[in-house]
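S.K.: Read in order, the letters of the sequence shown correspond to residues 1006 to 1695 in the numbering used here.
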Amino acid sequence: MELVESLRFRLLRIELLVLLGVIGLLLLVVLGAYRRRSSNKVVKLVIWASYAVSYSLVSYTLGLIQSFPYGNGLFSVWAICLFLFLGSADSISAYSLEDNDRWKRFCVHQTIQAFWMGSVVGTFTRKSDFKVRLWIIYAITLMKTLTRIAPFRWASNSYMLSENTKCIADYMSYEHGLHHERDPVTMRGYRYVVAGEDELERYVPQPPDYLLKYTGAKLVTVEQIWECDGGLLVGERGGQLKDLCLSMALSKMLNRRFAGFQPTESELHKAREFLFHGLLHGKNYCERAFRVIEAELAFVHDYFYTKYYIIYSTNNMDTILSLIMIPLCVWQAAGLWQHFREPKNVLILIPSHNNRNYDALITFVIVIGIALIELFQVLLYLASGWCKVALISRYAVRDSWRSSSWVVKSIGYIVNLKSFRNWEDSLGQYTLLKNFDHKPRLQDALHCLTFSLVDEGRNGQQEGKHVRLSRDIKEAVLESLKLTNGRLTNGVTSLQANQVFDLLSWACTLPTTAHTILAWHIATTICKEHSMGTYTHSHASVACTLSNYCAYLLVFAPKLLPDHSCVSGTIFDALVREARELKLQGEATLAQRCQKLIEKADEDPEGDRLIIRGARLGVQLTRRIQDPAVRWKVLHDFWTEFMIYVAPSKDAWAHLETLTRGGEFITHLWALLTHGGILNRETAVQNHDI
1006 MELVESLRFR
1016 LLRIELLVLL
1026 GVIGLLLLVV
1036 LGAYRRRSSN
1046 KVVKLVIWAS
1056 YAVSYSLVSY
1066 TLGLIQSFPY
1076 GNGLFSVWAI
1086 CLFLFLGSAD
1096 SISAYSLEDN
1106 DRWKRFCVHQ
1116 TIQAFWMGSV
1126 VGTFTRKSDF
1136 KVRLWIIYAI
1146 TLMKTLTRIA
1156 PFRWASNSYM
1166 LSENTKCIAD
1176 YMSYEHGLHH
1186 ERDPVTMRGY
1196 RYVVAGEDEL
1206 ERYVPQPPDY
1216 LLKYTGAKLV
1226 TVEQIWECDG
1236 GLLVGERGGQ
1246 LKDLCLSMAL
1256 SKMLNRRFAG
1266 FQPTESELHK
1276 AREFLFHGLL
1286 HGKNYCERAF
1296 RVIEAELAFV
1306 HDYFYTKYYI
1316 IYSTNNMDTI
1326 LSLIMIPLCV
1336 WQAAGLWQHF
1346 REPKNVLILI
1356 PSHNNRNYDA
1366 LITFVIVIGI
1376 ALIELFQVLL
1386 YLASGWCKVA
1396 LISRYAVRDS
1406 WRSSSWVVKS
1416 IGYIVNLKSF
1426 RNWEDSLGQY
1436 TLLKNFDHKP
1446 RLQDALHCLT
1456 FSLVDEGRNG
1466 QQEGKHVRLS
1476 RDIKEAVLES
1486 LKLTNGRLTN
1496 GVTSLQANQV
1506 FDLLSWACTL
1516 PTTAHTILAW
1526 HIATTICKEH
1536 SMGTYTHSHA
1546 SVACTLSNYC
1556 AYLLVFAPKL
1566 LPDHSCVSGT
1576 IFDALVREAR
1586 ELKLQGEATL
1596 AQRCQKLIEK
1606 ADEDPEGDRL
1616 IIRGARLGVQ
1626 LTRRIQDPAV
1636 RWKVLHDFWT
1646 EFMIYVAPSK
1656 DAWAHLETLT
1666 RGGEFITHLW
1676 ALLTHGGILN
1686 RETAVQNHDI
């Protein structure tokens, strides 16, 4: 009796672990598709836990199965379900960029697990009624999990990324000479690569430039997509599909920066025309420009963190395998249901009192769950931009597709499938005078208890609630970019335009970008508290939101800003100490803290402490500019100009890392400026005429 109870407990443990593996797969599929749309830390933690535990859970459960004293055909079904957990999630292949460079280790792990799994299937299917279908399912599962190795290799910075991106880098070095007439509105002369570069043979590099040049004319380019007059590419919806193909082309160009290649077209007048007379042209230029950039960055994210690029480049092989897997799972589930209703000894592990095979029933539920997960993955890919670009790029160059009514209807149905939004569309917020007195006691305790697994906290580092990225902010920033013609300055242009340059220009000559951000952030906070009751103007909302966002970047994402992250951190820590030395934490409300800081600034008019400088700037804004509308216009114009000024960055990988956390507004601006040839602040000043 004790033996039976012991076996029953072991069996229950195996079943629960298999069920946990299927739940883990579901979480990876769903949350993997959702994570670039969310900055929620709980979502990241769940994904990390599911991703990290996969190998340990599978290995431990296989050990339990093999050590079980009685053999059974259900064990092979459970083993295959566990194998799916290791690499069947299309929406996530890598949790972080470092995972891509560990592709060899992953390959070894997958190979070991594949042989181990094959051994289990072979051992427990010798007398099983499910032998044939299980071996077919195992073969498909093996192919699906092994396809996870390819995304690692392609996105690996130490292996394939540079090699794959070089063909685009070489092509763009001579693309401008392929067509001398150009129009950034109709995209004539813009032969940016949408598709086909992987399928073509290339010349062996020849002197003197040794560039990889394509031997054929089978490339699908942006110009070809725009010139297509097919019914699917006309009207407003057709324009959106064309823009989606443009996003794909731009993503391939942006990938060069992650591989270390210089965008050669940045030195050409053509790039400036594309940005200012193409993307930023027309009635709804703001909506269109951000739609193109958002889709582009979604493609970039998927290239580095999911299997979608491999599915796309292998003619949807993984999706086809999923479509084959679904009926096989249903077939397997039907057999399990039959064994539940009419139990056979071969599938009974622990007999029940009512002569029912509940092990088969549990396995039936698990297999049906696998089928539903595979169906969900197919639908996710069909609704993704990858599938739509693949179809449209073929539709644009194949007359037979455009002349076939059923092909057109089929493509039309797929491209109209709705997907999730690309990004979170929110801005992080931080208010220094509100949060400088924060003490990270809980985080410090976790830092000690987890032996530094959790990072140590920083005084004053308390993130505020994210706010929606409004249309007003997008339009204001892009309008500032258009007004300056791409000539990036740190706010002085807006001060000159508002005739306050002599009064406030000193605050734009501070030693570092961090100094400038914090000084103007403190001043903006003072102006906001000074205007309480009249804080309704759209200029005020934009200025305060961007001020808090720049402070948030400095505190929580300093690598995205021009200064070294250590410089930003040192200045922030010093400012927190200064605020505490002034005893501002003794005031209960933000308004009282601002008032006390103003009093301290009046007592020390020549003080060089940064917090006093920020207060002095706030005093000048509130006392010397009496009209609130004018004051908020000055701050609005400063922050929109400054937002563009800090966007160029040489640290491309820092931007790439943010894509799994909901994305950052500054990353969208960075990508936008890249395609206009604005790679840094120096070249923006030197080559601003367009």
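Don't be surprised by glycine CBs; every beta carbon is placed ideally from N, CA and C.
Keep in mind it's a predicted model, so treat the numbers as computed, not measured.
#1: Could you give the DSSP three-state label for L1021: helix, strand or coil?
#2: On the criterion of 16 or more Cβ atoms from any shown chain inside 10 Å, does S1055 qualify as buried, or is it exposed?
#3: Which whole-angstrom value describes the C-beta separation of T1226 and R1262, a residue pair presumed to lie in contact below a C-beta threshold of 8 Å?
#4: Under the three-state reduction of DSSP, which class applies to L1067: helix, strand or coil?
#5: So what's D1656 in DSSP terms, helix, strand or just coil?
#6: Going by beta carbon distance, what residues of the same chain come within less than 7 Å of H1114, once the five residues before and after it are set aside?
#7: Does the segment 1480-1494 come close enough to the segment 1646-1663 to have 3 or more Cβ pairs within less than 8 Å?
#8: Considering only the beta carbon of each residue, do I1142 and I1052 sit closer than 8 Å?
#9: Spell out the partners DSSP gives L1432 in its beta bridges.
#10: What is the residue span of the beta strand (DSSP E) that A1200 lies within?
#11: Would DSSP call D1134 helix, strand or coil?
#12: Exposed or buried, which one is M1537 when buried takes at least 16 other CB atoms within 10 Å?
#13: From which residue to which residue does the alpha helix (DSSP H) around Q1631 run?
#14: Is L1033 near I1097, with beta carbons less than 8 Å apart?
#15: Nearest CA to the CA of R1403: which residue from E1461, D1323, D1234 and F1111?
#16: In the DSSP assignment, find the unbroken alpha helix (DSSP H) run with D1307 in it and report its ends.
#17: How should D1607 be labelled, buried or exposed, when 16 other C-beta atoms within 10 angstroms of its C-beta is the threshold for buried?
#18: Should L1079 and R1015 be called a contact, given that it needs their Cβ atoms to be closer than 8 Å?
#19: Taking the CB atoms as reference points, tell me whether G1619 and R1042 lie closer together than 8 Å.
#20: Helix, strand or coil for Y1219 per DSSP?
#21: How far does the alpha helix (DSSP H) with I1154 in it extend, from its first residue to its last?
#22: Might you give, ordered along the chain, the residues of its own chain that have their beta carbon closer than 8 Å to the beta carbon of V1048, omitting 5 neighbours on each side?
#23: Return the residue from the list I1371, I1378 and M1177 that minimises the CA-CA distance to L1328.
#24: What residues in its chain sit with their C-beta under 8 Å from that of F1088, if we drop five residues either side in the sequence?
#25: Which residues in the same chain as E1592 place their Cβ atom closer than 6 Å to its Cβ, once the five residues preceding and following it in sequence are excluded?
#26: For the pair the segment 1560-1572 and the segment 1512-1520, tell me if three or more CB-CB distances fall below 8 Å.
#27: How many angstroms separate the CA atom of I1315 from the CA atom of I1028?
#28: Can you round the beta-carbon distance between I1478 and T1550 to whole angstroms, since I take them to be within the 8 Å contact cut?
#29: Could you give the distance in angstroms between the alpha-carbon of K1275 and the alpha-carbon of H1181?
#30: In chain order, what residues of the same chain lie with their CB nearer than 6 Å to the CB of Y1554, ignoring the 5 residues before and after it?
#31: G1623 and R1277 - do their beta-carbons sit closer together than 8 Å?
#32: Would Q1625 and L1509 qualify as a contact pair, given that the criterion is a beta-carbon distance under 8 Å?
#33: How big is the Cα-Cα spacing for R1492 and T1324?
#34: Who pairs with V1225 in a beta bridge, going by DSSP?
#35: Tell me whether D1248 sits in a helix, a strand or coil according to DSSP, three-state version.
#36: Put R983 into one of helix, strand or coil per three-state DSSP.
M.R.: From the atom records:
#1: Mapped onto the sequence shown, residue 1021 falls at position 16. L1021: helix per DSSP, three-state reduction.
#2: Within the sequence shown, the letter at position 50 stands for residue 1055. S1055 is buried by the Cβ-count criterion.
#3: On the sequence shown, position 221 is the one that residue 1226 refers to. On the sequence shown, position 257 is the one that residue 1262 refers to. Rounded, the Cβ-Cβ distance is 21 Å, inconsistent with contact.
#4: Looking up residue 1067 in the sequence shown gives position 62. L1067 carries a helical assignment under DSSP once its states are collapsed to helix, strand and coil.
#5: Here the question's residue 1656 lines up with position 651 in the sequence shown. Looking at D1656 - three-state DSSP - the assignment turns out to be coil, as it is neither helix nor strand.
#6: Numbered from 1 along the sequence shown, position 109 holds the residue referred to as residue 1114. So the list reads Y1060, once near-sequence residues are dropped.
#7: Two segments are said to touch when three or more pairs of C-beta atoms, one from each, lie closer than 8 Å; by this definition the segment 1480-1494 touches the segment 1646-1663.
#8: Mapped onto the sequence shown, residue 1142 falls at position 137. Mapped onto the sequence shown, residue 1052 falls at position 47. No.
#9: Against the sequence shown, residue 1432 aligns to sequence position 427. Partner residues in the beta bridge of L1432, as assigned by DSSP, are V1472.
#10: For the purposes of this step, residue 1200 is taken as residue 195 along the sequence shown, with counting starting at 1. That run of the beta strand (DSSP E) goes V1198 to A1200.
#11: Working through the sequence shown from its first residue, we reach residue 1134 at position 129. The DSSP-derived three-state label of D1134 is coil.
#12: As a position in the sequence shown, residue 1537 is number 532, starting the count at 1. By the 10 Å Cβ count, M1537 comes out exposed.
#13: Numbered from 1 along the sequence shown, position 626 holds the residue referred to as residue 1631. Element bounds for Q1631: n/a, residue is neither H nor E.
#14: Translated into positions along the sequence shown, residue 1033 becomes position 28. Translated into positions along the sequence shown, residue 1097 becomes position 92. Yes, the Cβ-Cβ distance between L1033 and I1097 is below 8 Å.
#15: The residue you call residue 1403 lines up with position 398 of the sequence shown. Residue D1234 is the option with its Cα nearest to R1403.
#16: Numbered from its first residue, the sequence shown carries residue 1307 at position 302. D1307 -> alpha helix (DSSP H) spans Y1290 to Y1310.
#17: Reading the sequence shown from its first residue, position 602 is the one you call residue 1607. Exposed: under 16 other Cβ atoms inside 10 Å.
#18: Position 74 of the sequence shown, counting from 1, holds the residue named residue 1079. Position 10 of the sequence shown, counting from 1, holds the residue named residue 1015. With contacts defined by Cβ atoms closer than 8 Å, L1079 and R1015 do not form a contacting pair.
#19: Along the sequence shown, read from residue 1 onward, the residue named residue 1619 stands at position 614. Along the sequence shown, read from residue 1 onward, the residue named residue 1042 stands at position 37. The answer is no: Cβ separation not under 8 Å.
#20: For the purposes of this step, residue 1219 is identified with residue 214 of the sequence shown, where counting begins at 1. Three-state DSSP puts Y1219 in a strand.
#21: On the sequence shown, residue 1154 is found 149 positions in, with the first residue counted as 1. From DSSP, the alpha helix (DSSP H) with I1154 extends over I1154 to A1160.
#22: One-based indexing of the sequence shown puts residue 1048 at position 43. The residues are L1036, Y1039 and R1040.
#23: Here the question's residue 1328 lines up with position 323 in the sequence shown. The candidate whose alpha carbon is nearest that of L1328 is I1378.
#24: What you label residue 1088 is simply residue 83 of the sequence shown in a count that begins at 1. Taken in chain order, the residues that qualify are V1063, Q1118, A1119, M1122, Y1143, T1146, L1147 and T1150.
#25: Working through the sequence shown from its first residue, we reach residue 1592 at position 587. Only R1598 and K1601 meet the Cβ criterion.
#26: Segments in contact, yes.
#27: For the purposes of this step, residue 1315 is taken as residue 310 along the sequence shown, with counting starting at 1. For the purposes of this step, residue 1028 is taken as residue 23 along the sequence shown, with counting starting at 1. CA-CA distance, I1315 to I1028, rounds to 25 Å.
#28: Residue numbering aside, residue 1478 sits at position 473 when the sequence shown is read from its first letter. Residue numbering aside, residue 1550 sits at position 545 when the sequence shown is read from its first letter. About 6 Å separates the beta carbon of I1478 from that of T1550, a gap short enough to meet the 8 Å contact definition.
#29: Stepping through the sequence shown from its first residue, residue 1275 is reached at position 270. Stepping through the sequence shown from its first residue, residue 1181 is reached at position 176. Rounded to whole angstroms, K1275 to H1181 spans 8 Å at the Cα level.
#30: Here residue 1554 corresponds to residue number 549 of the sequence shown, with the count starting at 1. The residues are L1432.
#31: For the purposes of this step, residue 1277 is taken as the residue at position 272 of the sequence shown. For the purposes of this step, residue 1623 is taken as the residue at position 618 of the sequence shown. Going by C-beta atoms, R1277 is not nearer than 8 Å to G1623.
#32: Start at 1 with the first residue of the sequence shown, and residue 1625 comes out as number 620. Start at 1 with the first residue of the sequence shown, and residue 1509 comes out as number 504. Yes. Within cutoff.
#33: Here residue 1492 refers to the residue found at position 487 when the sequence shown is read from its first residue. Here residue 1324 refers to the residue found at position 319 when the sequence shown is read from its first residue. Distance between the alpha carbons of R1492 and T1324 is about 47 Å.
#34: Taking the first residue of the sequence shown as 1, we reach residue 1225 at position 220. In DSSP, V1225 forms a bridge with A1200.
#35: In the sequence shown, residue 1248 corresponds to position 243, counting from 1. Three-state result, D1248: helix.
#36: Given a span of 1006 to 1695 for the chain in the structure shown, any question on residue 983 remains unanswerable.
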